[in-house]
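Here is the structure we will look at, set down as structure tokens.
Number of protein chains: 2
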Amino acid sequence: MTRMHYTRDNMAGLLRSHDINPTHQRIEIAHALFSRQEHLSADQVMAIVNTRHSETSKATVYNTLKLFLEKGLVREVIVDPSKVFFDPNTSPHHHLYEVDSGKLSDIDAEHVQISGLPPLPDNMVTEGIDLIVRVRRKA
Amino acid sequence: MTRMHYTRDNMAGLLRSHDINPTHQRIEIAHALFSRQEHLSADQVMAIVNTRHSETSKATVYNTLKLFLEKGLVREVIVDPSKVFFDPNTSPHHHLYEVDSGKLSDIDAEHVQISGLPPLPDNMVTEGIDLIVRVRRKA
DNA sequence: TCCGGATATTAGACAAAGTCCAGATTGCCG
DNA sequence: CGGCAATCTGGACTTTGTCTAATATCCGGA
Ligand SMILES: [Mn+2]
Ligand SMILES: [Mn+2]
Ligand SMILES: [Zn+2]
Ligand SMILES: [Zn+2]
Chain A
1 MTRMHYTRDN MAGLLRSHDI NPTHQRIEIA HALFSRQEHL SADQVMAIVN TRHSETSKAT
61 VYNTLKLFLE KGLVREVIVD PSKVFFDPNT SPHHHLYEVD SGKLSDIDAE HVQISGLPPL
121 PDNMVTEGID LIVRVRRKA
Chain B
1001 MTRMHYTRDN MAGLLRSHDI NPTHQRIEIA HALFSRQEHL SADQVMAIVN TRHSETSKAT
1061 VYNTLKLFLE KGLVREVIVD PSKVFFDPNT SPHHHLYEVD SGKLSDIDAE HVQISGLPPL
1121 PDNMVTEGID LIVRVRRKA
């Protein structure tokens, strides 16, 4: 698989392929997430998108991230009680969270095995399994 | 093992055994959590403790829950982006979260096996591993 | 019993994340 | 160009949680 280069132009196609109308703001927000391949909070997205001069409102940032989420373009990571992170990596994977620094990184799911989970009630479907390894700097 | 009955009187001993000075407010808050054995948010604790007549301030509820956390009396569960849950069950276990209703329940860790996690960098210690199964009502 | 310091509680101001709304802008089609 | 739907916007608002300075409670020693 060749390495993808996330240009703004590519973003339009990515958005369309997820049934999202590619507007200027949406392209910028997608570009912020995908070009970095990092976990970003709404605030961070906002800051990145508005570095040069203010272009995108807070409402649009939140609306757009929610839209991306609904359309399956990004994933939500809930590890920090004070803010949500948005993850451009939607393939199944886990997370390593450094509680001191707030640094969040991916753990490849390939070799991780979770077994022995009890069966779900019939009327329930699994939406996802989140595995978070919380670590701290050694004293 | 006999079933523990969480009376207010027992709470004082429990607090002392965790090196917490048992004050009236602390006993009430511990009692709210331990007598129910449920995951409660700060708001819910506040409501429970102040049902009859207002007795405990918001600041004290937050201060006390943080103290309980530091002293290892309760555990924090971060699954809902909008609020933290406090868990009187500190034995290792996992969680089942119903995204629609917000209902949070325990998964016994006994039979769950997690294998294949990559080794940590030398200067890091695991503080905990959170496994959250997110489920949704079937359509 | 009275005093003084340490510990705990409090009201309410404050901060940060996120939601909501009503009015503007944009893009598109006839 | 004119109309309509979709999008974006500033800013008010809500909720969760933190902070602070004043008060209250507790406790050990004189
Ligand atoms: Mn731009
Ligand atoms: Mn009482
Ligand atoms: Zn990730
Ligand atoms: Zn639990």
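Note that the protein sequences, when read in sequence, are chains A and B.
Residue numbering for the first sequence follows my numbering, beginning at 1 and increasing consecutively.
Residue numbering for the second sequence follows my numbering, beginning at 1001 and increasing consecutively.
We put the beta carbon where it would ideally sit given N, CA and C, even for glycine.
Cβ-heavy atom distance between residue i and ligand 3 below 7 Å?
i                        : result
valine 77 of chain A     : yes
aspartate 130 of chain A : no
aspartate 80 of chain A  : no
histidine 93 of chain A  : yes
For residue i, which three-state DSSP category applies?
i                         : result
glutamate 28 of chain A   : helix
lysine 83 of chain A      : strand
isoleucine 132 of chain A : strand
aspartate 1043 of chain B : helix
threonine 56 of chain A   : coil
methionine 4 of chain A   : coil
serine 91 of chain A      : coil
glutamate 1127 of chain B : strand
aspartate 9 of chain A    : helix
glutamate 1145 of chain B : Missing from the structure shown is residue 1145 of chain B; chain B here goes from 1001 to 1139 and no further.
valine 74 of chain A      : coil
So which residues of chain A does residue i contact, with C-beta pairs closer than 8 Å?
i                         : result
glutamine 1113 of chain B : Gln113, Ile114, Ser115 and Gly116
Cβ of residue i within 8 Å of Cβ of residue j?
i                         : j                           : result
leucine 117 of chain A    : phenylalanine 86 of chain A : no
isoleucine 27 of chain A  : valine 49 of chain A        : no
lysine 142 of chain A     : histidine 18 of chain A     : The requested residue 142 of chain A is not part of the displayed model; chain A covers only 1 to 139.
valine 133 of chain A     : isoleucine 1132 of chain B  : no
valine 1045 of chain B    : valine 1061 of chain B      : yes
proline 81 of chain A     : isoleucine 1078 of chain B  : yes
valine 1112 of chain B    : histidine 1094 of chain B   : yes
threonine 1051 of chain B : glutamine 1025 of chain B   : no
lysine 1083 of chain B    : aspartate 1122 of chain B   : no
lysine 1138 of chain B    : methionine 4 of chain A     : no
leucine 1120 of chain B   : valine 99 of chain A        : no
Check the Cβ of residue i against every Cβ in chain B and list those closer than 7 Å, keeping chain order.
i                        : result
isoleucine 78 of chain A : Ile1078, Val1079 and Pro1081
Regarding residue i and ligand 4, is the C-beta to nearest heavy atom distance less than 7 Å?
i                         : result
glycine 21 of chain A     : It should be noted that the sequence gives asparagine, not glycine, for residue 21 of chain A. Not under cutoff, so the answer is no.
aspartate 1108 of chain B : no
aspartate 1087 of chain B : yes
histidine 1039 of chain B : yes
Quick one: which chain B residues come within Cβ less than 9 Å of residue i?
i                      : result
leucine 131 of chain A : Ile1114, Leu1117, Ile1129, Asp1130, Leu1131 and Ile1132
valine 61 of chain A   : Per Cβ cutoff of 9 Å: no residues; valine 61 of chain A is ~15 Å from chain B at best.
Could you name the residues of chain A that residue i contacts, counting a contact when the two beta carbons are closer than 9 Å?
i                        : result
lysine 1138 of chain B   : Asp122, Asn123, Met124 and Val125
tyrosine 1084 of chain B : Before going further, note that residue 1084 of chain B is valine rather than tyrosine in the sequence given. Chain A residues near valine 1084 of chain B: Pro81.
Identify the contact partners of residue i in chain A, using a Cβ-Cβ distance below 7 Å as the criterion.
i                      : result
valine 1135 of chain B : Leu120, Met124, Val125, Thr126 and Glu127
Cβ-based contacts, 7 Å cut-off: residues of the stretch 115-127 of chain A near chain B: Ser115, Gly116, Leu117, Pro118, Leu120, Asn123, Met124, Val125, Thr126 and Glu127
Contact set between the stretch 39-52 of chain A and chain B, restricted to residues whose Cβ is under 9 Å from the partner: none
Cβ-based contacts, 7 Å cut-off: residues of the stretch 1096-1113 of chain B near chain A: Val1099, Ile1107, His1111, Val1112 and Gln1113
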